[in-house]
Amino acid sequence: MLSQRDKMVLDFERSWWMLPGPKDRAIREHLGVSAGSYYGILRRLIDAPEALDYDPLTIRRLQRMKATRARSASLRADSAKT
């Protein structure tokens, strides 16, 4: 089950771009946590089935971004070996 904080993080991630200013500042102002804590929570939520049930669009977007970064890192590692 998602905590209230988890839901707030997902709600924020879905709509932060509508807020003025840098994302890090908005995280602190709206959620009262550091950017590092926020991203740690998101990393945990990306693979949580209950998060997918709560906000499938946001979670799927984050999963795609994670997969893209992993592919890019793998390609960089492969090219560094040669």
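Taken in order, the sequence shown gives residues 1 to 82; the numbers are from my numbering. Ideal Cβ positions, reconstructed from N, Cα and C, are used throughout, including at glycine.
Q: Taking only the alpha-carbon atoms, compute the straight-line gap between L42 and G21 and give it to the nearest angstrom.
A: When rounded, the separation of the alpha-carbon atoms in L42 and G21 is 20 Å.
Q) The alpha helix (DSSP H) spanning P49 covers which residue range? A) Segment 49–54, the alpha helix (DSSP H) holding P49.
Q. What span of residues does the alpha helix (DSSP H) with G21 cover, start to end?
A. Note, G21: premise wrong, no alpha helix (DSSP H); not H, not E.
Q | Classification of T58 by the beta-carbon crowding that lies within 10 angstroms, buried from 16 upward | A | Per the 10 Å Cβ criterion, buried.
**Q.** Option in D24, V33, A35, L45 with minimal Cα separation from M1
**A.** Answer by Cα proximity: L45.
Q | First through last residue of the alpha helix (DSSP H) which encompasses G32 | A | Taken as a continuous stretch (DSSP letters only), G32 belongs to no alpha helix (DSSP H), as it is neither H nor E.
(Q) Quick check: the Cα distance between T68 and L75, rounded to an integer number of angstroms? (A) Answer to the nearest angstrom: the Cα atoms are 11 Å apart.
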